[in-house]
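Sequences listed follow chains Y, A, W and R, in order.
So the first sequence is numbered by numbering that gives the first Met the number 0: it starts at 0 and just counts up by one.
So the second sequence is numbered by numbering that gives the first Met the number 0: it starts at 0 and just counts up by one.
So the third sequence is numbered by numbering that gives the first Met the number 0: it starts at 0 and just counts up by one.
So the fourth sequence is numbered by numbering that gives the first Met the number 0: it starts at 0 and just counts up by one.
The structure under discussion appears below in the form of structure tokens.
Number of protein chains: 4
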Amino acid sequence: MTHTVHGQKSLLARVRRIKGQADALERLIEAGQDLDCGKVLQQIAAIRGAVAGLMAEVLEGHLREHVAAENLTTEQRHEEIEEVVAVLRTYLK
Amino acid sequence: MTHTVHGQKSLLARVRRIKGQADALERLIEAGQDLDCGKVLQQIAAIRGAVAGLMAEVLEGHLREHVAAENLTTEQRHEEIEEVVAVLRTYLK
Amino acid sequence: MTHTVHGQKSLLARVRRIKGQADALERLIEAGQDLDCGKVLQQIAAIRGAVAGLMAEVLEGHLREHVAAENLTTEQRHEEIEEVVAVLRTYLK
Amino acid sequence: MTHTVHGQKSLLARVRRIKGQADALERLIEAGQDLDCGKVLQQIAAIRGAVAGLMAEVLEGHLREHVAAENLTTEQRHEEIEEVVAVLRTYLK
């Protein structure tokens with residue numbers, strides 16, 4: 000299934016932001032003895048939020064562009080749906 | 000969109016279990032001064048898990064029976080998908 | 000550990016609201032053939048949000064009133080904390 | 000508040016694993032036209048799980064080593080607790 004170039008740019012920007020946040024978290028933890036738990040907790044929560052935003056964008060794009068695509072056989076459509084179900088199960092525990 | 004009778008029975012059983020859990024939680028909290036926080040926290044976590052299970056069953060059924068239904072127009076399919084997207088957004092915050 | 004009467008009233012109001020939401024969900028599902036998936040999904044998401052709000056209120060009260068209580072032995076304080084850890088693990092999967 | 004050296008090593012290992020997962024995700028998305036949605040969704044779900052594990056380890060350590068520390072004034076203990084409450088609110092929405 001192909002994705003639009005615009006979609007790709009937006010996803011890459013989100014992933015690179017997460018990588019930057021993880022770098023900053025690594026430096027916070029490397030502070031060792033002077034580790035500030037409050038800041039570490041906030042940084043992890045920020046990464047969690049960024050990952051949730053990335054998941055939402057990919058899932059919505061997958062549902063609208065692939066699951067709803069007109070030229071699919073019923074079998075193909077069910078395959079696309081099972082990819083969504085597999086991810087939903089990681090959230091709905 | 001119609002649901003199978005089997006699906007309905009399973010969903011009703013889940014909802015009634017949640018109602019029973021909420022009744023038990025109410026009684027725990029009514030204990031007032033002797034309220035056991037540990038038990039209350041566990042009971043709320045149990046209800047949360049039951050609600051997640053219910054959501055998973057309805058979402059999966061909706062995706063497989065409605066979104067993937069063969070006799071839909073593209074517009075109808077997008078409408079069904081937007082119902083999924085609306086729920087996903089409550090989880091992906 | 001004792002809870003304030005005010006806290007108890009607020010918690011009971013939240014639980015009763017969840018019970019009311021579950022009743023409404025039961026009626027939606029009992030509609031059988033004419034079951035409206037969109038409304039059912041929204042109602043479950045609303046219950047999930049109400050349960051999250053209830054959990055937040057109990058957890059915060061437990062942390063502030065019990066875990067932070069001045070007259071605890073270290074052992075008692077660790078017991079109170081382990082109740083929080085047990086609940087956190089149901090969320091942090 | 001100081002953290003044990005052992006704790007620091009474990010946290011750094013987790014963060015570096017997340018960075019590696021984010022690198023792999025970036026390469027998946029850079030595939031552009033041949034982007035495999037299923038693999039991207041799985042990879043994001045894996046990162047989400049790793050971030051949850053990291054959050055659990057830091058929160059539990061903070062609760063047991065800082066919130067429960069014996070030599071705290073009541074005011075200091077409440078400050079440590081408010082850091083936990085701030086993070087819980089990002090989860091309990």
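From the three backbone atoms N, C-alpha and C, an ideal C-beta is built for every residue, glycine too.
Does any CB atom of chain Y fall closer than 8 Å to the CB of A:I43?
No, because no Cβ of chain Y sits closer than 8 Å to the Cβ of A:I43.
- prompt: Rounded to whole angstroms, how far is the Cβ of W:L53 from the Cβ of W:V84, which I believe are closer than 8 Å?
  reply: For W:L53 against W:V84, the beta-carbon gap comes to about 19 Å, at or over 8 Å, which does not count as contact.
Which chain A residues sit within Cβ distance under 8 Å of Y:L40? Neighbours of Y:L40 on chain A: none; closest Cβ ~17 Å, over 8 Å.
Checklist line | Three-way DSSP call (helix, strand, coil) for A:E69 in this model | finding: Note: A:E69 maps to coil in three-state DSSP.
* Select from the region 9–32 of chain Y all residues with a C-beta closer than 8 Å to any C-beta belonging to chain R, and list them in chain order. => Hits within the stretch, in order: L10, L11, V14, R15, I17, K18, A21, D22, L24, E25, I28, E29, G31 and Q32.
From R:A44, R:K92 and R:A51, residue whose alpha carbon lies closest to that of W:R88
Per the C-alpha coordinates, the member of R:A44, R:K92 and R:A51 positioned closest to W:R88 is R:A51.
- Task: Give the single residue among W:I17, W:E69 and W:I80 whose Cα lies nearest to the Cα of W:L62.
- Result: Nearest C-alpha to W:L62: W:I80.
- Task: Can you tell me which of A:E82, A:E78 and A:E59 puts its alpha carbon nearest to the alpha carbon of A:G6?
- Result: Looking at the Cα atoms, A:E59 is the closest of the given residues.
*Beta-carbon gap between R:A30 and Y:I17 smaller than 8 Å*: No, Cβ-Cβ distance for R:A30 and Y:I17 is not below 8 Å.
Practice prompt. Compare the C-beta of Y:L91 against all C-beta atoms of chain R and say whether one is closer than 8 Å.
Written response: Chain R, which has no Cβ nearer than 8 Å to the Cβ of Y:L91, makes this no.
For this session: Starting from the Cα of Y:V39, find the closest Cα among R:V57, R:G19 and R:T73 and give me that residue.
Result: Among R:V57, R:G19 and R:T73, the Cα nearest to that of Y:V39 is on R:V57.
Handout entry: For Y:L10, three-class secondary structure by DSSP
Key = Helix.
Checklist entry - Say the cut is 7 Å; is the CB of A:L62 nearer than that to a heavy atom of the ligand ADP? => result In the structure shown, the ligand ADP is absent, as is every other ligand, since no ligand is present at all.
If you follow the alpha helix (DSSP H) that Y:K38 is in, where does it begin and where does it stop?
It spans C36 to G60 - the alpha helix (DSSP H) in which Y:K38 sits, taken as one unbroken run.
Which whole-angstrom value is the C-beta distance of A:A68 and Y:L91, which I expect to be below 8 Å? That belief does not hold up - the Cβ atoms of A:A68 and Y:L91 are roughly 22 Å apart, past 8 Å.
Report task. Can you say whether W:A105 is buried or exposed, counting buried as having 16 or more other CB atoms within 10 angstroms of its CB? Result -> Within the shown structure, residues of chain W are numbered from 0 to 92, placing residue 105 of chain W beyond reach of any answer.
Using a cut-off of 8 Å between C-beta atoms, extract the partners of Y:E74 located in chain R. Per Cβ cutoff of 8 Å: no residues; Y:E74 is ~15 Å from chain R at best.
Below-8 Å beta-carbon distance, W:L58 vs any chain A residue
The beta-carbon of W:L58 is placed less than 8 Å from the nearest beta-carbon of chain A.
Q. What is the rounded straight-line gap between the Cα of Y:C36 and the Cα of R:V66?
A. Our two residues, Y:C36 and R:V66, have alpha carbons roughly 11 Å apart in a direct line.
**Message:** Less than 8 Å between CB atoms is the rule here; does A:L84 satisfy it with respect to chain W?
**Reply:** The question names Leu, but residue 84 of chain A in the sequence shown is Val. Not an interface residue.
For this session: Can you tell me which of R:K8, R:L34, R:L10 and R:A45 puts its alpha carbon nearest to the alpha carbon of Y:K8?
Result: The candidate whose alpha carbon is nearest that of Y:K8 is R:L34.
Using a 10 Å radius around the Cβ and a threshold of 16 neighbouring Cβ atoms, would you call Y:Q42 buried or exposed?
The residue in question, Y:Q42, is buried, as its Cβ has 16 or more Cβ neighbours within 10 Å.
Using the Cα positions of Y:L71 and Y:H77, report the straight-line distance between them to the nearest angstrom.
Rounded to the nearest angstrom, the gap between the Cα atoms of Y:L71 and Y:H77 is 10 Å.
What number of angstroms, rounded off, separates the C-alpha of W:Q32 from the C-alpha of Y:Q75? Here the alpha carbon of W:Q32 sits roughly 27 Å from the alpha carbon of Y:Q75.
Considering only the alpha carbon of each residue, which of W:E82, W:L10 and W:L27 lies closest to A:I28? Answer by Cα proximity: W:L10.
Per-residue DSSP class, three states only, for Y:K92 = Of the three classes helix, strand and coil, the one that applies to Y:K92 here is coil, per DSSP.
- Message: Taking 8 Å as the threshold (beta carbon to beta carbon), is A:E69 in contact with chain Y?
- Response: Taking 8 Å as the threshold, the shortest C-beta distance from A:E69 to chain Y falls below it.
To the nearest angstrom, how far is the alpha carbon of R:R47 from that of W:R26? So the alpha carbons of these two residues sit roughly 36 Å apart.
Practice prompt. Would you tell me roughly how many angstroms separate the C-alpha atoms of A:L24 and A:A44, rounded to the nearest one?
Written response: In a straight line, the C-alpha of A:L24 is about 11 Å away from that of A:A44.
Worksheet item: Rounded to a whole number of angstroms, what is the C-alpha to C-alpha distance between R:K86 and Y:V86?
Response: According to the sequence as given, residue 86 of chain R is Val; it is not Lys. In a straight line, the C-alpha of R:V86 is about 24 Å away from that of Y:V86.
Helix, strand or coil for Y:A85? Go by DSSP, reduced to three states.
Looking at Y:A85 - three-state DSSP - the assignment turns out to be helix.
Is Y:M54 close to chain A, meaning its C-beta is less than 8 Å from at least one C-beta of that chain? Residue-level contact by beta carbon holds for Y:M54 and chain A, with a gap shorter than 8 Å.
Margin query: With a threshold of 8 Å between beta-carbons, can W:I80 be considered close to chain R, or not?
Written below: Chain R, which has a Cβ nearer than 8 Å to the Cβ of W:I80, makes this yes.
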